[in-house]
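Written out below as structure tokens is the structure these notes cover.
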Amino acid sequence: MNMKNIAIFASGNGSNAETIIRYFENRSDVRVALILSNNKNAKVLDRASVYNIEAVTFSKDEFYKSVEILKILKQHKITLIVLAGFLWLIPDFLLNEFPDRIINIHPALLPMFGGKGMFGMHVHTSVINNGEPVSGITIHFVNEVYDEGKIIYQATCPVEPGETPETLAQKIHVLEHKFFPETIDKVLSTIL
Ligand code: GAR
5 MNMKNIAIFA
15 SGNGSNAETI
25 IRYFENRSDV
35 RVALILSNNK
45 NAKVLDRASV
55 YNIEAVTFSK
65 DEFYKSVEIL
75 KILKQHKITL
85 IVLAGFLWLI
95 PDFLLNEFPD
105 RIINIHPALL
115 PMFGGKGMFG
125 MHVHTSVINN
135 GEPVSGITIH
145 FVNEVYDEGK
155 IIYQATCPVE
165 PGETPETLAQ
175 KIHVLEHKFF
185 PETIDKVLST
195 IL
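In my numbering, each residue's number is its place in the sequence shown (first place is 1) plus 4.
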């Protein structure tokens with residue numbers, strides 16, 4: 005059977021990355037082959053080393069101006085790129101090499117509360133300040149505009165009276181950990 009290889013791009017903590025690694029840990033047909041980060045101090049790199057997964061870090065210049073990243077992805081025969089808390093816009097050369105093969109998770113119900121600068125706690129603060137009764141997660145394909153690619157899956161949670169950005173972030177992480185790995189699995193099953 006052909007092994008399907010996932011590359012995860014993450015900038016920070018990496019709780020989603022770890023959940024994805026664990027979900028596929030005992031599978032013979034899919035594996036997380038590579039973790040890539042723009043942040044040398046990201047906790048996701050420690051998590052990668054615990055699971056013996058190769059990790060690569062890069063600067064902004066390396067990410068946007070060089071084909072080095074592409075070379076590494078090709079060496080690892082990457083089937084699908086997963087953005088799990090990755091904050092930089094994906095350059096065209098990657099979009100062209102991986103058409104409909106790059107997916108992102110966003111901690112709100114797109115098309116609301118998306119776009120440049122809308123990440124992590126900024127998103128939750130805006131949702132609460134806007135008086136939204138409901139928030140949630142969006143898993144979507146990545147295109148050349150932040151948070152505007154085709155939506156694959158959404159799940160919701162209530163925003164309750166007294167909710168803070170921190171409590172909302174916790175609820176959103178529960179949804180992400182529950183639904184992101186299985187959504188990735190479903191997308192992979194459509195790729196031959
Ligand atoms: C997640 O909540 C993810 O949705 C968000 O960053 C967090 C990363 O958490 N992504 C964005 O805001 C992208 N715009 P993690 O590092 O614990 O997986």
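Here a beta-carbon is modelled for each residue, glycine too, at the ideal position from N, C-alpha and C.
- With 16 or more other Cβ atoms inside 10 Å of its own Cβ, S15 counts as buried.
- Note that the C-beta distance between I12 and A88 is below 8 Å.
- In the three-state scheme derived from DSSP, where H, G and I count as helix and E and B as strand, S193 is classed as helix.
- Put simply, the segment 165 to 185 touches the segment 116 to 133. At least three CB pairs are less than 8 Å apart.
- Counted as a single uninterrupted DSSP element, the alpha helix (DSSP H) harbouring N100 occupies residues D96 to E101.
- The Cβ atoms of T83 and F184 do not sit closer than 8 Å to each other.
- Taking C-alpha positions only, K64 is separated from L49 by approximately 18 Å.
- By the CB criterion at 8 Å, V34 and K69 fall outside the cutoff.
- The beta carbon of T187 lies closer than 7 Å to those of I143, I156 and Y157 in the same chain, with the five residues before and after it left out.
- Within the chosen limit of 7 Å, the ligand GAR reaches the beta carbon of M122 through at least one heavy atom.
- Looking at the backbone, the Cα of A46 and that of S53 are separated by about 12 Å.
- Excluding its 5 nearest sequence neighbours in each direction, A21 has C-beta neighbours in its own chain below 7 Å: I12, A14, I39, V48, R51 and A88, listed in chain order.
- Rounded to the nearest angstrom, the gap between the Cα atoms of N147 and I73 is 18 Å.
- Counting along the chain, K64 sits inside the alpha helix (DSSP H) bounded by residues K64 to K69.
- If you draw a straight line from the Cα of T194 to the Cα of I10, it is about 14 Å long.
- In the assembly as shown, N108 is a buried residue. Its beta-carbon has 16 or more other beta-carbons within 10 Å.
- The continuous beta strand (DSSP E) containing A159 extends over residues I155 to P162.
- Between L172 and V131 the beta-carbon gap is near 7 Å, inside 8 Å, which marks them as a contact.
- Looking at the backbone, the Cα of V138 and that of D96 are separated by about 34 Å.
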